[in-house]
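S.K.: Residue numbers (the numbering used here), protein chains in the order written: chain A, 853 to 1088; chain B, 2 to 334. Please see the structure below; I have some questions.
Have a look at this one:
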């Protein structure tokens, strides 16, 4: 399998502030990567840099054989990077169906397929984006990213602030995407153990640098490593 | 049994279906020809203003582009159609098409200035473009007639059959037909994925961009289309009055159409039409009542309407839509 995404010595931040230092990583086609770390270590900045909404200082980004280092977010999305941001950013004046249709690109993912994955959305298909619950908005944000028919899905804390029953539903959907559909993904998630169970690889960030890169299975087998970097409460 | 796919299609295309109220609206517009035979000239003006407002609605209501210089395209269309007719091609449909093309090209050329930047930049740029065009038309008297206006326009019968008359019979039916056809196109456009992506850009430009929607190109496209629509309104004005003056490029035209859209409400296509009826009716009625001070009363009405009346009227419409959800015509919040 070839590298789908390759970051080389990446430094990036916001304005004059540099948040990420010398990040190098690669992700192979069909693999899911868990991005772990305490709050404020640069996880979201890394995902935002891949989609192109931060100020990149040094390094390169190669995706599916293309150099995306200097291209704008819309081109990165068109190249096949789907982004589910922490804030969800649902288009509030569009209905659920319209949110999905507005960004649709050709490919196997259609509105019907998204509804098949998230039946709850099908029930709310004619509701405006701002009339949905937090969980429904998150499902819609994931569905909207899938409508791009991406090669890579970036998920920034998809279960944050959601009720446990919704978290379970979302994690099941993600597991299906990673395991059954073979979609490549980078996931930031507070529920480290749960996300490690469904990803292939994991990296841990500290102060904007990668301090550990292992397989998810290895980290699950040696929880003391997680506890060392994340602390007991966040590793759970 | 209805499949999920069918339900998705039904939901997506539901907004495109015509509601009975829409049929009534257009039937009334046509019936006005027989109901108000003495007011056909006024109704022709309403139809043209409605088309102009529809044009502004496409950019303001759907794409969030504010403009204080939309009269630039109205004026260009009027002069294009007028000059074409003056120089021997008096066929109204050819003139209409020519005016739309000229205005569309101008819109396309101006679009890079408009799609970038914030609302204030857009206001200034659109206003500036309109002022420049006004001054060009004023100075280039050999072509435009300058302050005296463009005279000697002769329009041939519509389709070679219907001669324009003094009472506005042909003018109204011609204008109404053009408005209806262009409305159909606009209606199709705003309900297409292209139209949805415009609203997505208006809601959150960064999110839309990161979803693969190219904001600059989409905004440039709708600005060009809206310019063509404004050009069509200008052409109708020139053809039905057979005269073009500098007034078509004046600032008050841009301000009036903005007020019309505010009265009717942006973002559902009918707002400009309803606003045009109310605005022209007010203008006509108040001018008859107090010829010297009609602008004062219109100004007062608009101030009160914007402060209080708008929420009452639009709240009433929202309440109606709540009780009769079938009436909803994709009015955006």
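Glycine included, each C-beta is placed from N, C-alpha and C at the ideal position.
1) Which residues share a DSSP beta bridge with residue 880 of chain A?
2) Which same chain residues, not among the five before or five after residue 57 of chain B, have their C-beta less than 6 angstroms away from its C-beta?
3) Between residue 205 of chain B and chain A, is the shortest Cβ-Cβ distance under 7 angstroms, so that the two count as touching?
4) Buried or exposed: residue 145 of chain B, going by 16 or more other Cβ atoms within 10 Å of its Cβ?
5) Does residue 330 of chain B come out as helix, strand or coil in the three-state DSSP assignment?
6) Among A:981, A:903, A:911 and A:910, whose alpha-carbon lies nearest the alpha-carbon of residue 924 of chain A?
7) Looking at the C-beta of residue 936 of chain A, does it have a partner C-beta in chain B at a distance below 7 angstroms?
8) With distances taken from CA atoms, which of B:25, B:121, B:189 and B:193 is nearest residue 65 of chain B?
9) Under the three-state reduction of DSSP, which class applies to residue 37 of chain B: helix, strand or coil?
10) Got a sec: is the Cβ-Cβ distance from residue 211 of chain B to anything in chain A below 7 angstroms?
11) Work out the CA separation of residue 62 of chain B and residue 875 of chain A for me, nearest whole Å.
12) Which class does residue 1014 of chain A belong to by DSSP, given the choice of helix, strand or coil?
13) Residues of chain B with CB closer than 7 angstroms to the CB of residue 970 of chain A, please, in chain order.
14) What are the start and end residues of the beta strand (DSSP E) that includes residue 1036 of chain A?
15) Starting from residue 910 of chain A, trace the beta strand (DSSP E) in both directions and tell me its first and last residue.
16) I want to see whether chain B comes within less than 7 angstroms of residue 915 of chain A, judged by CB atoms only; does it?
17) Could you list which residues in chain A have their beta carbon closer than 8 angstroms to that of residue 208 of chain B, in chain order?
18) With three or more C-beta pairs closer than 8 angstroms as the rule, is the segment 1032–1042 of chain A touching the segment 997–1015 of chain A?
19) Is the Cβ of residue 925 of chain A closer than 7 angstroms to any Cβ of chain B?
20) Mapping the DSSP letters down to three states, classify residue 166 of chain B as helix, strand or coil.
21) Below 8 angstroms on the Cβ atoms is my contact criterion, and I expect residue 191 of chain B with residue 47 of chain B to pass it. Report the Cβ-Cβ distance as a whole number of Å.
22) Using a Cβ-Cβ cut-off of less than 8 angstroms, list which residues of the segment 891–906 of chain A approach chain B; keep chain order.
23) Using a Cβ-Cβ distance under 7 angstroms, would residue 215 of chain B count as near chain A?
24) Have a look at the DSSP bridge pairing and note the partners of residue 935 of chain A.
25) Which partner residues of residue 870 of chain A appear in the DSSP bridge assignment?
26) Which chain A residues are close to residue 200 of chain B, counting only those with a beta carbon under 9 angstroms from its beta carbon?
27) Quick check on the burial criterion: 16 or more other C-beta atoms within 10 angstroms. Buried or exposed for residue 996 of chain A?
M.R.: From the atom records:
1) A:855
2) In the same chain as residue 57 of chain B, and ignoring 5 residues on each side of it, the C-beta atoms closer than 6 angstroms to its own belong to 71, 258 and 262, in chain order.
3) yes
4) buried
5) Note that residue 330 of chain B has pLDDT 48, beneath the 50 cutoff, so the model's placement of it is unreliable and no number is given.
6) A:903
7) no
8) B:121
9) Correct three-state label for residue 37 of chain B: coil.
10) yes
11) 44 angstroms
12) coil
13) For residue 970 of chain A, there are no C-beta contacts with chain B under 7 angstroms, since the nearest C-beta of that chain is about 12 angstroms from it.
14) 1036–1040
15) 907–915
16) The beta-carbon of residue 915 of chain A is placed no less than 7 angstroms from the nearest beta-carbon of chain B.
17) 937, 941 and 943
18) yes
19) yes
20) coil
21) Actually they are not in contact, since the Cβ atoms of residue 191 of chain B and residue 47 of chain B sit about 22 angstroms apart, beyond 8 angstroms.
22) 903, 904 and 905
23) yes
24) A:1006
25) Paired residue(s): A:865.
26) 943, 945, 946, 950 and 954
27) buried
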